[in-house]
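In the UniProt record's numbering, the protein residues as written are 1 to 508. Okay, so here's the structure we're looking at.
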Amino acid sequence: MLLAERARAARLEHILKLINRTTFGKRSEKLPADQLALALEDQAVALGEAEGLKDKTGEEFERHGLRQRRRRPADAERASLPAHLPRIEVVIEPDSLECGCGGALHKIGEDRSERLDKIPAQYRVVVTIRPRYGCRACSDGVAQAPAPAHVVSGGLPTEALIADVLINKYCDHLPLYRQSKIFARQGIAISRATLANWVGRGIAALTPITNRLRTDALARSRLFVDETTVKVLAPGTGKTKTGYMWVIVCDDRAHGGADPPLALYTYLPGRGKMWAKQLLGDYQGILQVDAWQAYDQFGKEDGANAGVEKSYCWAHLRRGFIDAGGDAPLAQEALQRIAQIYAIEKEIRGRSAEERHLVRQERSRPLVDKLHEWFTATSPRIMAGSATSDAMKYALKRWVGFTRFLDDGRIEIDNNTAERAIRPVTLQRKNALFAGHQLGAENWAAVASLVETCKMLGIEPYAYLSDVLARIVTRADTDPIDDLLPYNWVDTNAGQTVFEMSNIATAA
C-alpha cells in the first residue's frame, strides 16, 4: 500500500509540473485553451484519486484502533444543496439502545449530512384513452373528447421528450446520433432521422416565439452585438464553408434597468456590411460593438440608421496592448492606465445609470483624458507597425466611440456581455464540427436564443421548453403568445414570472 501511494504521489507531482508549464511557461510550450481544460480536468481526477487512497489508509488505521487526523473532503466548502430538491431521510440507529451500565439510552441530538443522489433517466409510455359514448335512445348520439394537439401529430414523442432532445442537442451539445445510442441502451429503437424530424417540428412550433424575441430586441434602446464563425456543409460539394453566428444581447442589469435580459442568435452567411444591415434593419439606439468595419454604416447623419450611437469595446483595445507582450514597456504602461479605469467600473457595477454617470464624470474622465493625451504624444515617437503603435492608432482613430460610455451611465465599458453569449456557440461548434446546411445553422440559432435567454433569466431551459411546447400547439397563429415569452413565462410552482422573482431578490 505504501509503495502504491508513493507511486501515485510521484505521478501526481509530474502532472502538476506539466500543468504549471503549460499554464505559465513560454508561449511555444503552452497548450491551446481546450486542451489545457482537459489537462486540468485530468489533474483534478488525479487529485481525487490520491485523496481516495489517503482516505483508505485512514480507514485502515481506524480499524486497527489507531487514530489519525481526518482530512476534510475536497467539496467540504460546498454551498447548501438547493431547497427545491426532494429529501429522502435515512436514519441509521445504533446496534443497541442499552447503555453499558444497563440503563436505556435516550435521544439527545443528531448529526445530519446531505449528499447529492440521482435517479437515472427513466422512459415511460403515456397511454391516452378517449372513450366513446353512445345514446341508447337514438342512433346519432355519439360523444367523444377531441384528440389533443401535439407537436408531432400521431407520433411517438410527448412534448416533454421533444424538449429533452432539444436541450440535449443545443444546450448540452449532444449530437442526435449519440442520443439515438442512449435510447438504444434502454431498448428503444429511434433512428437519428426520426429524432431530427422531432427537432424540426419542435423548432417550427417555437418559431412564433423566436420571431417575437427579435421584434422585442430591436425595440430596445441599447444592444450588444458580436459574431463568430461557424462551419456549414456546402450543398453538393462535401466541403464546408464559413458562415457567421451573430448574437444580439439585451442586458440592463448592470445599471438596474427594468427590461428583462434576452439573447438573440441569427445565422448569416457573412459578416460584412450587408449582413450587419440585414441583422439590425433600421435600428435606432445604442450599439455596443467592436470596431469592425461592418458597423461603420450605422450612425451616419445621411443614413437610415442616423439615430445609432456606437460605443466601442475597451476589452478589444486592451487586447492590442496585451498582444504586444510583457517586454514592451509602453504597452505595459497602457495596460496599467486602462486597469485604473476598469477598477472604477468594477466599483460602480450594479449602481443606477445616474450614479454611474456622475462617478465616471468625476473620476473616470480625467483618467481617459490623460490616456488620450499620452496616446497622442507617444504614438508618433514609436516604431510604426509595432503592436503598441497599432493599438494606439486603433484607439485614436475611434476615440469618440471609446469615450461614449463616459456620457451615459447605461453604457458598459466593453462588449464582454456579447462575447460571453458567444461562448455556447463555440462549445456547440467543437462538438458538432459543422452544421449540415444553412437551415440547420438557422435552427441552431433559434433554439440557442431560447436556451440562453432562459439561462440569463435563471430559468431551467428544459422546464420552459417542455411547458411552452405543450401550450403553444393548442393556439392558433393569430392567438397572443406574450405569456409564452421566457421573461413573461409563469413558473407554475412559484405562481409568478422568474424575472419578477429575480427583481424581488435583488431588491431584498
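Beta carbons: idealized from backbone N, C-alpha and C, even for Gly.
State yes or no: is the C-beta of residue i within less than 8 Å of the C-beta of residue j?
i      : j      : result
Arg271 : Tyr244 : yes
Gly440 : Tyr394 : no
Cys313 : Asp414 : yes
Ser379 : Ser389 : yes
Ala163 : Tyr462 : yes
Gly401 : His255 : no
Leu484 : Arg471 : yes
Lys277 : Gln297 : yes
His357 : Trp399 : no
Ser311 : Phe405 : yes
Leu195 : Leu176 : yes
Val249 : Ala421 : yes
Val151 : Arg212 : no
Thr242 : Val425 : no
Val359 : Ile338 : no
Glu355 : Ile348 : yes
Leu287 : Val308 : yes
Ala331 : Asn416 : no
Arg220 : Gly285 : yes
Val230 : Val199 : no
Ala147 : Arg124 : no
Met456 : Ala291 : no
Arg132 : Gln144 : yes
Using only the alpha-carbon positions, how far apart do residue i and residue j sit?
i           : j      : result
Gly187      : Lys181 : 10 Å
Asn443      : Thr210 : 10 Å
Cys101      : Ile88  : 35 Å
Arg222      : Val127 : 49 Å
residue 541 : Val91  : No statement about residue 541 is possible, as the shown extent of the chain runs from 1 to 508 and does not include it.
Ala193      : Leu116 : 36 Å
Leu465      : Ala160 : 8 Å
Leu367      : Gln340 : 8 Å
Ile108      : Glu114 : 20 Å
Leu335      : Arg423 : 25 Å
Leu396      : Val232 : 37 Å
Tyr267      : Lys118 : 37 Å
Gly281      : Met274 : 10 Å
Arg136      : Val142 : 10 Å
Tyr283      : Leu81  : 44 Å
Gly458      : Val451 : 11 Å
Arg185      : Ala149 : 30 Å
Is it buried or exposed for residue i, if we count other Cβ within 10 angstroms and need 16 for buried?
i           : result
Leu38       : Because the pLDDT at Leu38 is just 49, under 50, the model does not fix this residue reliably, and the value given afterwards should be weighed accordingly. Exposed, by the Cβ-count rule.
Met392      : buried
Val247      : buried
Lys169      : buried
Pro261      : buried
Thr478      : exposed
Met383      : exposed
Thr474      : exposed
Gln35       : Caution applies to Gln35, whose pLDDT of 49 falls short of 50 and renders its modelled position unreliable; the value that the coordinates give is listed next. Classification for Gln35: exposed.
residue 573 : The structure shown does not extend to residue 573, since the chain is modelled only from 1 to 508, so the question has no answer here.
Ile190      : buried
Gln138      : Here the sequence assigns Cys to residue 138, which means Gln is not the residue at that position. Cys138 comes out exposed.
Leu85       : exposed
Gln179      : buried
Glu460      : exposed
Trp489      : buried
Glu362      : exposed
Counting only C-beta atoms, is residue i closer than 8 Å to chain D at any point?
i      : result
Gln332 : Among the protein chains of the structure shown there is no chain D, as only one such chain exists.
According to DSSP, is residue i helix, strand or coil?
i      : result
Arg381 : helix
Asn488 : coil
Asp479 : coil
Leu268 : strand
Gln122 : coil
Gly257 : coil
Glu227 : strand
Trp399 : helix
Ala263 : strand
Ser311 : strand
Lys370 : helix
Ala137 : coil
Val249 : strand
Lys241 : strand
Leu279 : helix
Ile190 : coil
Val473 : coil
Tell me, please, whether the segment 325 to 337 touches the segment 294 to 305 by the rule of three or more beta-carbon pairs shorter than 8 Å.
-> With the cut-off at 8 Å, the segment 325 to 337 and the segment 294 to 305 do not touch.
Are the segment 442 to 458 and the segment 200 to 219 touching, with three or more C-beta to C-beta distances below 8 Å?
-> yes
Answer yes if the segment 92 to 104 comes into contact with the segment 148 to 166, meaning at least three C-beta pairs across the two stretches below 8 Å, and no otherwise.
-> no
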